[in-house]
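**Student:** Per the numbering used here, the very first residue in the sequence shown carries number 13; after that it's consecutive. Ideal placement from N, C-alpha and C gives every residue a C-beta, glycine not left out.
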Amino acid sequence: MDPEKFYLRHPATAAVGSKNTFLLRDATTQSVVTTDDPPALSRMLQLLATPLSGRDLLNHLDGEAQGARSAVEALLADGMLHEADTPETLLALRDEVFGDNQGYCFQPGPVRCRHLVLAMTGSVVAGLMGPVILSLAYSRFHERIDLIVTESAKAFVQPEMYEYYGIRTFTDPFERREGMTVPHIGLAKSADLIAVVPASARSIARLAAAECSDLLSLVAAATTAPIVVAPTMNTAMWDNQGVRRNVDRLRADGIYVIEPTIFFEAAELAKGVPPAYGMAGTFWGGPEGLMRTLTAVLDLHKAPNHAIEQPV
């Protein structure tokens, strides 16, 4: 790292952490690194969401465990971090996503997942998930998809809309559907992958505590399938120590946490304020970005010692 240069993690680059492993994935490149301090690497990835001078980056890394520094150096060597002479160059690159992003992906491809369970929780971003879910369904990413809509998510989501598209949607842990007499057991046993997108701070707390107080936390406690969680909240909530402890617990328990990216906070959008940190980490990659990330997680989860091949 050059102290005179500036560095950035592109908003469309998804970063997923579980236990001591982090996977970064963009449209063409993938990198897997390990660290002895996952929370420290998570903090570094947050700092790198805006242009950061090499000098400041090195100063931050000096205060962290050696494993965090080695991981950042590996990500830089793999091309997952951008380097430039000026912050303005990196800001121009970052801000391209605001006008150049893909809302839908209607390109059928190979089935990546037999049964996907996708949960939406009480974040306003749940109201933006329609294009993602319809893209998943049309592209045949899965053979079967079931949705979970938490009670708080109903403020932003109309479950009936997805039912009209033939997508089974669960809102009640005691609802019997099509021969499934105990939904949390049926979904937990059948799922190949559970994705919580968006994941509110409240839902993260329930998952971290294995609370078993709603359908989502019941399914998560009963499943052996990999679980992917995309935290989505404002920056102040993400930086709250209690929230971060819960996120760290999810990683330590083997749940895959997608690091957030930048977006415009809902309460500030109409005021024209700059973007802040806390959006679901695959947002700027669009539905295709989420599919790439989930595919990479499935491959990583199945691979011995996380030794997966690079994408071509």
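1) What first and last residue would you give for the alpha helix (DSSP H) that runs through ASP107?
2) The alpha helix (DSSP H) with MET245 in it runs from where to where?
3) Just curious, the alpha helix (DSSP H) that GLU210 is in, first and last residue?
4) According to DSSP, is ILE8 part of a helix, a strand, or is it coil?
5) Relative to the alpha-carbon of ALA96, which residue among PRO63, CYS125, ASP112 has its alpha-carbon at the smallest distance?
6) Name, in chain order, the residues that DSSP records as bridge partners for GLU76.
7) Between which residues of its own chain and ALA233 is the CB-CB distance below 7 Å, once the five residues before and five after are set aside?
8) Identify the continuous beta strand (DSSP E) that holds ASP158 and give its terminal residues.
9) If we ignore side chains and look at the alpha-carbon of each, how far apart do SER135 and MET141 end up?
10) Whose CA, out of PHE186, THR247, TYR174, lies closest to the CA of PRO287?
11) Report yes if the CB atom of TYR289 is closer than 8 Å to the CB atom of GLN58, and no otherwise.
12) Counting C-beta neighbours from all protein chains within 10 Å, is the total for ASP14 16 or more, i.e. buried, or is it exposed?
13) Ordered along the chain, which non-local residues of its own chain (more than five positions away) have a Cβ less than 8 Å from that of ARG218?
14) Can you list, in chain order, the residues of its chain whose CB lies under 8 Å from that of PRO50, leaving out five sequence neighbours each side?
15) Counting Cβ pairs, one atom from each stretch, are 3 or more of them under 8 Å apart for the stretch 204 to 216 and the stretch 101 to 108?
16) Where does the unbroken beta strand (DSSP E) through ILE274 begin, and where does it stop?
17) According to DSSP, is ARG21 helix, strand or coil?
18) Count the CB pairs spanning the stretch 63 to 83 and the stretch 295 to 309 that are closer than 8 Å, and state whether there are at least three.
19) Spell out the partners DSSP gives GLU95 in its beta bridges.
20) Count the other C-beta atoms from every protein chain shown that fall within 10 angstroms of the C-beta of MET2, then say buried if there are 16 or more, exposed otherwise.
21) Does the beta-carbon distance from VAL240 to LEU205 come in below 8 Å?
22) Taking the beta carbon of MET303 as the centre, do at least 16 other beta carbons fall within 10 Å, making it buried, or is it exposed?
23) Might you give, ordered along the chain, the residues of its own chain that have their beta carbon closer than 6 Å to the beta carbon of HIS154, omitting 5 neighbours on each side?
24) Just to confirm the assignment, what range does the beta strand (DSSP E) spanning VAL28 have?
**Tutor:** According to the data block:
1) Here the question's residue 107 lines up with position 95 in the sequence shown. Element bounds for ASP107: 99 to 107.
2) To locate residue 245, count along the sequence shown from 1; it is residue 233. Per DSSP, MET245 lies in no alpha helix (DSSP H) segment and is marked neither H nor E.
3) Taking the first residue of the sequence shown as 1, we reach residue 210 at position 198. According to the sequence as given, residue 210 is Pro; it is not Glu. Judged by DSSP secondary structure, PRO210 falls outside any alpha helix (DSSP H) and instead within the beta strand (DSSP E) spanning 205 to 211.
4) Coverage of the chain is limited to positions 13 through 324, which leaves residue 8 absent and any answer about it impossible.
5) Within the sequence shown, the letter at position 84 stands for residue 96. Among PRO63, CYS125, ASP112, the Cα nearest to that of ALA96 belongs to PRO63.
6) For the purposes of this step, residue 76 is taken as the residue at position 64 of the sequence shown. GLU76 has no beta-bridge partner at all, per DSSP.
7) In the sequence shown, counting from the first residue as 1, residue 233 sits at position 221. Take ALA233, set aside five residues on each side of it, and the residues of its chain with a beta-carbon closer than 7 Å to its own are ALA222, CYS224, in chain order.
8) Here residue 158 corresponds to residue number 146 of the sequence shown, with the count starting at 1. Note, ASP158: beta strand (DSSP E), 154 to 161.
9) Here residue 135 refers to the residue found at position 123 of the sequence shown. Here residue 141 refers to the residue found at position 129 of the sequence shown. The alpha-carbon atoms of SER135 and MET141 are separated by roughly 11 Å.
10) Residue mapping note: residue 287 aligns to position 275 of the sequence shown, counting from 1. The option with the nearest alpha carbon to PRO287 is THR247.
11) Here residue 289 refers to the residue found at position 277 of the sequence shown. Here residue 58 refers to the residue found at position 46 of the sequence shown. Against a cut-off of 8 Å, the Cβ pair of GLN58 and TYR289 comes out as a contact.
12) Numbered from 1 along the sequence shown, position 2 holds the residue referred to as residue 14. Label assigned to ASP14: exposed.
13) Working through the sequence shown from its first residue, we reach residue 218 at position 206. Hits under 8 Å: SER225, ASP226, LEU228, SER229.
14) Here residue 50 refers to the residue found at position 38 when the sequence shown is read from its first residue. GLY29, LYS31, ASN32, PHE34, ASP260, ARG263, ALA264, listed in sequence order.
15) Too few Cβ pairs lie closer than 8 Å, so no.
16) Residue mapping note: residue 274 aligns to position 262 of the sequence shown, counting from 1. 273 to 275 is the extent of the beta strand (DSSP E) around ILE274.
17) Counting from one through the sequence shown, the residue named residue 21 turns up at place 9. In the structure shown, ARG21 sits in coil (DSSP, three-state: anything other than H, G, I, E or B).
18) Not touching, per the Cβ criterion.
19) Indexing the sequence shown from 1 puts residue 95 at position 83. When beta bridges are read from the DSSP output, GLU95 appears opposite TYR19.
20) The question about residue 2 has no answer, for the chain in this structure spans 13 to 324.
21) In the sequence shown, the residue the question calls residue 240 occupies position 228. In the sequence shown, the residue the question calls residue 205 occupies position 193. If you check the CB distance, VAL240 and LEU205 come in under 8 Å.
22) Position 291 of the sequence shown, counted from the first residue, corresponds to residue 303. MET303 comes out buried.
23) Working through the sequence shown from its first residue, we reach residue 154 at position 142. For HIS154, the CB contacts under 6 Å within the same chain, skipping 5 residues up- and downstream, are CYS125, LEU128 in chain order.
24) Here residue 28 is taken as the residue at index 16 of the sequence shown, counted from 1. First-last of the beta strand (DSSP E) with VAL28: 26 to 30.
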